[in-house]
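Q: Numbered continuously in the numbering used here, the sequence shown closes out at residue 138.
C-beta atoms are modelled at their ideal positions from N, C-alpha and C, and glycine is treated no differently.
In this text, all values refer to a predicted model and were calculated from it rather than measured experimentally.
Mind having a look at this structure? Questions to follow.
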Amino acid sequence: MSANHTNSVVSTQKRMLGDISVAKNIYIACGYTDMRKSIDGLAAIILQQFKMDPFQSALFLFCGKRCNRIKALLWEKDGFVLLYKRLENGSFRWPRNESDLKVISWQQFRWLMEGLAIEQKSSILPAKKGAFC
């Protein structure tokens with residue numbers, strides 16, 4: 006197999022399988038989402054409830070009541086990609102305090118995928134103003 010053919014296959018696979026790194030923003034739907042919803046239902050939530058464009062280059066995250074399953078919706082140039090993750094042990098630390106769409110950073114996304122809350126306390130405390138060493 007030639008190098009050009011291999012690169013073409015890899016490029017096609019990334020496009021078909023969904024490369025979330027192309028997302029310019031990550032949005033998390035705080036609160037509970039009916040996990041029976043699929044692409045059309047989740048796109049309708051984005052459009053009607055959150056007044057956002059589901060066709061933008063963004064990753065939209067949804068979680069149900071059990072907190073061990075999430076769905077992610079991503080628009081690619083040729084269609085939607087729906088990703089589904091179910092944890093066998095543990096649960097996601099999903100924000101439940103509001104029913105809004107919240108933008109999160111890639112670091113917060115990593116924390117979420119690692120089972121941590123998206124809001125972390127700083128590990129370095131602010132210094133007190135005062136005498137020099």
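Is the CB-CB distance between E103 and G23 below 9 Å?
A: As a working note, residue 103 is residue 98 in the sequence shown. As a working note, residue 23 is residue 18 in the sequence shown. No, these two residues do not count as a Cβ contact at 9 Å.
Q: Per DSSP, which residues does N30 bridge with? Please list them.
A: As a working mapping, residue 30 is identified with position 25 in the sequence shown. Per DSSP, A63.
Q: Determine the contact status of L106 and I51, defining contact as a CB-CB distance below 9 Å.
A: Your numbering for residue 106 matches position 101 in the sequence shown. Your numbering for residue 51 matches position 46 in the sequence shown. Cβ distance < 9 Å, so L106 and I51 count as in contact.
Q: Would you check if there are 3 or more beta carbon pairs closer than 8 Å linking the segment 39–46 to the segment 112–124?
A: No, the segment 39–46 is not in contact with the segment 112–124.
Q: Just to check my reading of the structure: I109 and I25 have Cβ atoms closer than 8 Å, yes? What is that Cβ distance to the nearest angstrom?
A: Locating residue 109 in the sequence shown gives position 104, counting from the first residue. Locating residue 25 in the sequence shown gives position 20, counting from the first residue. Actually they are not in contact, since the Cβ atoms of I109 and I25 sit about 13 Å apart, beyond 8 Å.
Q: What does G84 pair with, by DSSP beta-bridge criteria?
A: For the purposes of this step, residue 84 is taken as residue 79 along the sequence shown, with counting starting at 1. Paired residue(s): E81.
Q: Could you name each continuous alpha helix (DSSP H) segment of 4 residues or more that falls completely within the segment 103–132, going from the start of the chain to the end?
A: You should have 111–118.
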